[in-house]
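Structure record follows, encoded as structure tokens.
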Amino acid sequence: MRKYDIFISLILFVMNAPISFASQSASYYFAADAPPTKAVAANGGNINAVINVDTGALSAAFTPAFTLTTNTGSSQALTMKAEANTQGGLQNAVLDAGAVKYIILTNSNILPPVSSLTDIKTGSPTAASNPNAIAYTINNPAAVSGRLTVAYNSGNKNWDLVLFHNGTTNTSITVPSGTPFTNTYSTDDEPGSYQAIITLSFNN
Amino acid sequence: MKKHLLLSAILGGVLALSIAPMANAATTASQTVNATLAALKSIVGKGTGLSGTIDPDTGIVTALAPSFTMTTNTNSALTLQLSATAPSTTTPQQALTNYAGHLGTYIVLANTTVPAVAAAITDITGGVLTSNANAIAFPFTPQATVAGQLTLGAWNAGGSYWPYTLTHKGNTDANNAIAGTALASSYDTNDEPGTYQATITMAFIP
Chain A
26 MRKYDIFISL ILFVMNAPIS FASQSASYYF AADAPPTKAV AANGGNINAV
76 INVDTGALSA AFTPAFTLTT NTGSSQALTM KAEANTQGGL QNAVLDAGAV
126 KYIILTNSNI LPPVSSLTDI KTGSPTAASN PNAIAYTINN PAAVSGRLTV
176 AYNSGNKNWD LVLFHNGTTN TSITVPSGTP FTNTYSTDDE PGSYQAIITL
226 SFNN
Chain B
948 MKKHLLLSAI LGGVLALSIA PMANAATTAS QTVNATLAAL KSIVGKGTGL
998 SGTIDPDTGI VTALAPSFTM TTNTNSALTL QLSATAPSTT TPQQALTNYA
1048 GHLGTYIVLA NTTVPAVAAA ITDITGGVLT SNANAIAFPF TPQATVAGQL
1098 TLGAWNAGGS YWPYTLTHKG NTDANNAIAG TALASSYDTN DEPGTYQATI
1148 TMAFIP
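From first to last, the protein sequence lines stand for chains A and B.
In terms of our numbering, the first sequence opens at residue 26 and continues consecutively.
In terms of our numbering, the second sequence opens at residue 948 and continues consecutively.
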């Protein structure tokens, strides 16, 4: 009698179960959108140097580096820019004169007027007109074959980058050591820490 | 029914959590490059007015003008010292002196053709003036204070130098002068013919 009862119970359970699950599973679906991963992080490189007081030359090249991470091979646009602080706030710190591009470093201890950067950006600076701002050659950011393209935007004075690699991609930008842009270093550049901020951002 | 709702909620939560880190990833990163510029401390000699003659009869020297141009990139106070040495048979000796109260400020020039002994120079700078063959003292006028740019301090007898404080960004001249009649008892016939020299130095003090 007991075995019979168990058998009947199992039959009832098995028959009942599909009906029960069918009525519930039909009602619930989850739609979760997973947007492309877009991550950029600083990745070391040399960011410190000393300026020769006699010549204005940088003792070492700057090589700030960044790591890009994404989960798609689809094209993603980025912008790299450089800014320097002034009495009027952060200003674009890039200029081009012919085929050469320059980055302007400004004295963070004695901020220059905006006019110092304006003078340098003319491409024909006057030493006395750009106190506490010094310009150095800067290269384009490093492109990576099959992963990252780089193009200088002469209108915006920055760089347009396109990433099309699923995974991690490294890039950097170099300010070579050496002498400054003519007439940007003089005795009007007072002692202090000369800085610029280089930023890499996804556009969207 | 309730169990399924609970399970569904848990699954939804797991999915949400698994997506969350991607949404939180930074899409901007910056690096600040930094170059340190120290104070410029540069001095050059003007290179003029360094030669003259001494009249053998009167002991008067034609005017000399050992002068310097200091260059800096800051208005912050920088310390300098003006000193001088005269050659001797041994080591160069301090050549500037400032006789307190009565004789004034002098510089000792020493004979390089027939070198003086060190004691001849210190005989003058010490104010003894009894035995100083081949060493002669002449009036010396250091650059005076230039308001807002360069301040002449008090004579430092222990170090035998004139101290200055420079507070001017750019170029500043320090024009010194040697002229006039030799200090009494420093010039006589014991001073033999030859070239009498001193080396004048202006230096930034760290």
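From the three backbone atoms N, C-alpha and C, an ideal C-beta is built for every residue, glycine too.
query	result
Any C-beta of chain B under 8 angstroms from that of A:D144	no
Through-space distance from B:L1027 to A:N228, alpha-carbon basis	55 angstroms
Top-ranked residue by Cα proximity to A:T111, from A:N155, A:T207, A:F206, A:T174	A:N155
Assigned exposure category for B:P1153 - 16 Cβ within 10 Å defines buried	exposed
Euclidean distance between Cα positions of A:Y210 and A:N71	22 angstroms
A:N164 to A:I198 span [Cα, whole Å]	6 angstroms
Residues of the region 1095 to 1126 of chain B whose Cβ lies closer than 7 angstroms to any Cβ of chain A, in chain order	K1116, G1117
Run of the alpha helix (DSSP H) containing B:A1066, from where it starts to where it stops	1065 to 1072
A:A47 versus B:T975 - alpha carbon distance	The pLDDT assigned to A:A47 is 49, lower than 50, so where the model puts this residue is not dependable; a value taken from the coordinates is nonetheless given after this. So the alpha carbons of these two residues sit roughly 48 angstroms apart.
Spatial distance of B:Q1040 from B:P1003 (CA atoms)	24 angstroms
9 angstroms Cβ cut-off: residues of chain A touching B:V991	Within chain A, no residue comes near B:V991; the closest Cβ sits about 12 angstroms away, beyond 9 angstroms.
B:I1125 to B:L1043 span [Cα, whole Å]	11 angstroms
Range covered by the alpha helix (DSSP H) that runs through A:T174	Segment 173 to 178 is the beta strand (DSSP E) holding A:T174; no alpha helix (DSSP H) there.
Interface partners of A:T224 on chain B, CB under 9 angstroms	T975, A976, S977, Q978
Where B:L953 falls, given that 16 or more other Cβ within 10 Å makes a residue buried	Because the pLDDT at B:L953 is just 48, under 50, the model does not fix this residue reliably, and the value given afterwards should be weighed accordingly. Exposed is the call here.
Best match in A:P60, A:N195, A:N178 for proximity to A:A124 [C-alpha to C-alpha]	A:N178
Counted within 10 angstroms of its Cβ, other Cβ atoms place A:A59 as buried (16 or more) or exposed	exposed
Buried or exposed by the 16-neighbour rule on C-beta atoms within 10 Å, applied to A:S100	exposed
Local conformation of B:M969 per DSSP, three classes	The predicted model places B:M969 with a pLDDT of 49, which falls under 50 and marks its position as unreliable; any figure quoted below should be read in that light. Three-state result, B:M969: helix.
Nearest residue (CA-CA) to B:L1025, options B:T1000, B:A973, B:G1095	B:G1095
DSSP state of A:F227 mapped onto helix, strand, coil	strand
Minimum length 3: unbroken beta strand (DSSP E) runs contained in the region 999 to 1045 of chain B	1007 to 1011, 1014 to 1019, 1025 to 1033
Cβ neighbour criterion (16 or more within 10 Å) applied to B:S1014	buried
Inter-residue Cα distance where the pair is B:A1082 and A:T151	51 angstroms
Contained beta strand (DSSP E) runs [length at least 3] in the region 1061 to 1132 of chain B, N- to C-terminal order	1082 to 1088, 1097 to 1099, 1109 to 1113, 1117 to 1122, 1124 to 1128
Chain A contact residues for B:A1010, given Cβ-Cβ distances below 9 angstroms	What B:A1010 touches in chain A: nothing, since even the nearest Cβ is about 31 angstroms away.
Span separating the alpha-carbon of B:G992 from that of B:D1120	10 angstroms
Residue-level contact to chain A via CB, B:A1145, 8 angstroms cutoff	no
Contact list for B:N1020 against chain D, beta-carbon separation under 9 angstroms	Of the protein chains in this structure, namely A and B, none is chain D.
First through last residue of the alpha helix (DSSP H) which encompasses A:K146	139 to 146
Option nearest A:F145 by Cα separation, candidates A:G180, A:A109, A:T174	This sequence places Ile at residue 145 of chain A; Phe is not what is there. Nearest option by C-alpha distance: A:A109.
Cβ pair B:L1029, B:Y1143 closer than 8 angstroms	no
Beta-carbon spacing of A:T92, A:T224 below 8 angstroms	no
Nearest neighbour of A:V78, chosen from B:A1010, B:A986, B:I990 [CA to CA]	B:A986
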